[in-house]
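Sequential numbering from 53 applies to the sequence shown in our numbering.
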Amino acid sequence: MAEHRSSAVFFCFEANLSPFSVAFAKKILSLPDNKNTNKMKGTILVTGGTGFIGSHTVVELQSVGYKVVIVDNLSNSKKEVVDGIEKISGIRPDFEEVDCTDFAKLEAVFAKYGNIDGIIHFAASKAVGESVQKPLLYYRNNIVSLINLLELMPKYGTKGIIFSSSCTVYGQPDPENLPVTEAAPIKKAESPYGNTKQVNEEIIQDYVHSGANVRAILLRYFNPIGSHPTSIIGEMPNGVPQNLIPYLTQTAIGIREQLSVFGDDYDTPDGSCIRDYIYVVDLAKAHVCAMARILENKQNEPVEIFNVGTGKGVSVLELINTFEKVTGVKLNYKIVGRRAGDIEKVWADPKKANEVLGWKAETSLEDTLASAWKWQLKLREEGIQ
Ligand SMILES: NC(=O)c1ccc[n+]([C@@H]2O[C@H](COP(=O)([O-])OP(=O)(O)OC[C@H]3O[C@@H](n4cnc5c(N)ncnc54)[C@H](O)[C@@H]3O)[C@@H](O)[C@H]2O)c1
């Protein structure tokens, strides 16, 4: 596994952070640690900050000197994640157990911290299947949370928001649109969850273009996987995992009996579905680049959209083979029929993020899968899963 580097020097290249970054300066001038450099960067409210992507992002934000306030209702994460973040970065982020749909409590957080410069909004319900069963829960949670934040931003002088969107907005791109760029048409959402992403993107566009003094970056994630190289934080699904990687690692360790591969008769080289798997730490760093872009007034438009992916499509069978090769563990899997609603193939054209945002995914699939396995072993060691 490549050594984890938390310096701001090697990501947000070209555009956003001065090469003479906090981390770089610390390295060559022995400046004091992050606790004393927080003042240089500002305060970021991270909703959903104890969740999978949020926790990794908090670590990266702190590593370049931001002060972080986490708001999370712990509906899909644990408070102990805050301890994990502190263990990794040496800094304890502020934590508020608040539901983003509760306007009064959310406003109290803005009032308490006074100077929230930017928001990264991860908090959402995210299980596609559950969203079909409980659409109103998804619409209320995912949409009301965003509206509350947007309403509070101008009142408290918060400059910008980064929104967790998803490649799900592209549906199955037409063949001529693969790899998919940000300009590809938005397809009708396949689930209420997917629809909340589309509607939230539209709400942000409408609000910013109404003249509100707010800026935004919409990051369309492809498939985030892996865990922090320290194995102190990682993906912690409740119950039966909805995503491939936790299901795969739980099968490899014996919690699940068998992994089902849904379909081997798709129009792909080996017949299984193709996705763009992005290492969660690389994804976290994209948020740091985006936040710098907002706070340093570098945006070309008040709402910018970036695909966050590797640019490489990997099939489910390739992923399994790579996992087996990297870990030496034989996976018990079976090919079954296609699953309704699955997209055949989608992967990102990340050129805009590479060239404009100044960010690039740099971790190999091998290292990423090794990190996911290390995390699963750690969970077993601790008797958690
Ligand atoms: N993981 C993926 O595959 C993926 C892909 C594309 C987009 N996204 C989006 O990225 C974001 C983060 O995803 P994740 O995988 O880290 O999910 P996660 O469930 O691990 O994290 C979300 C966090 O938000 C919290 N939360 C939910 N509703 C809340 C509310 N009303 N108020 C306060 N906290 C609330 C949960 O407790 C959890 O800690 C989500 O918006 C998700 O839709 C995820």
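Backbone N, C-alpha and C define an ideal beta-carbon position, used for all residues, glycine too.
By the Cβ-count criterion, Q185 is exposed, with fewer than 16 other Cβ atoms from all chains shown falling within 10 Å of its own Cβ.
In the DSSP secondary-structure assignment, T95 is bridged to K119 and I168. The straight-line gap separating the alpha-carbon atoms of A400 and D328 is approximately 7 Å. A Cβ-Cβ contact shorter than 8 Å links Y385 with Q310. Around the beta carbon of K403, a 10 Å sphere encloses fewer than 16 other beta carbons of the protein chains shown; the residue is thus reported as exposed.
Taking 8 Å as the cut-off, the Cβ atoms of I269 and I168 do not count as close. Under DSSP, E228 takes part in no beta bridge, so it has no partner.
Taking C-alpha positions only, A179 is separated from S243 by approximately 10 Å. Secondary structure at P206: helix, using DSSP grouped into helix, strand and coil. Under the DSSP assignment, D258 falls in the alpha helix (DSSP H) whose first and last residues are P244 to H261. In chain order, E287 and P289 place their CB closer than 7 Å to the CB of P298, counting only its own chain and leaving out the 5 sequence neighbours on each side. With a threshold of 7 Å, the Cβ atom of C325 does not count as near ligand 1, since no heavy atom of the ligand is closer than that. In this structure, the CA atom of I195 is about 8 Å from the CA atom of V251. Beta bridge pairing from DSSP links L158 with no other residue. In this structure V313 touches I387 by the C-beta definition: roughly 5 Å separates them, less than 8 Å.
A straight-line Cα-Cα distance of about 22 Å links R192 and C219. Apart from sequence neighbours up to five positions away, the residues of its chain that approach N247 with a beta-carbon distance below 7 Å are A241, ordered along the chain. For A268, the enclosing beta strand (DSSP E) starts and ends at R267 to Y273.
When the alpha-carbon of I372 is set against those of E234, E182, D151 and L300, the nearest one is in L300.
Judged by DSSP in its simplified three-state form, L311 adopts strand. The criterion of a C-beta distance shorter than 8 Å is satisfied by V398 and V232. A distance criterion of 7 Å places the beta-carbon of K178 in contact range of ligand 1, judged by its closest non-hydrogen atom. With a cut-off of 7 Å, the C-beta of L126 is classified as near ligand 1, since at least one heavy atom of the ligand falls inside that distance.
Cβ contact annotation for L383 (same chain, cutoff 8 Å, sequence separation greater than five): L300, T303, A304, L311, I372, F375 and E376, in chain order. Between G136 and S107, the CB-CB gap stays under 8 Å.
Here the alpha carbons of T415 and T95 stand approximately 28 Å from one another. Counting C-beta pairs closer than 8 Å gives three or more between the stretch 159–176 and the stretch 341–358, which meets the contact rule. One Cα belongs to N295, the other to I330, and the distance between them is close to 13 Å.
In the three-state reduction of the DSSP assignment, H173 falls in the strand class, which pools E and B.
A156 counts as exposed, since fewer than 16 other C-beta atoms from the protein chains shown sit within 10 angstroms of its C-beta. Along the length of the stretch 348–409, whole beta strand (DSSP E) runs at least 3 residues long occupy 355–360 and 385–388, reported in chain order. The nearest non-hydrogen atom of ligand 1 is 7 Å or more from the C-beta of I436.
Out of E254, E396 and N406, the CA that lies nearest to the CA of G323 is found in E396.
With respect to the C-alpha of E418, the residue from R432, D394, V366 and E356 having the closest C-alpha is V366. At least one heavy atom of ligand 1 is found less than 7 Å from the C-beta of D151. DSSP, read as helix, strand or coil, puts I143 in coil.
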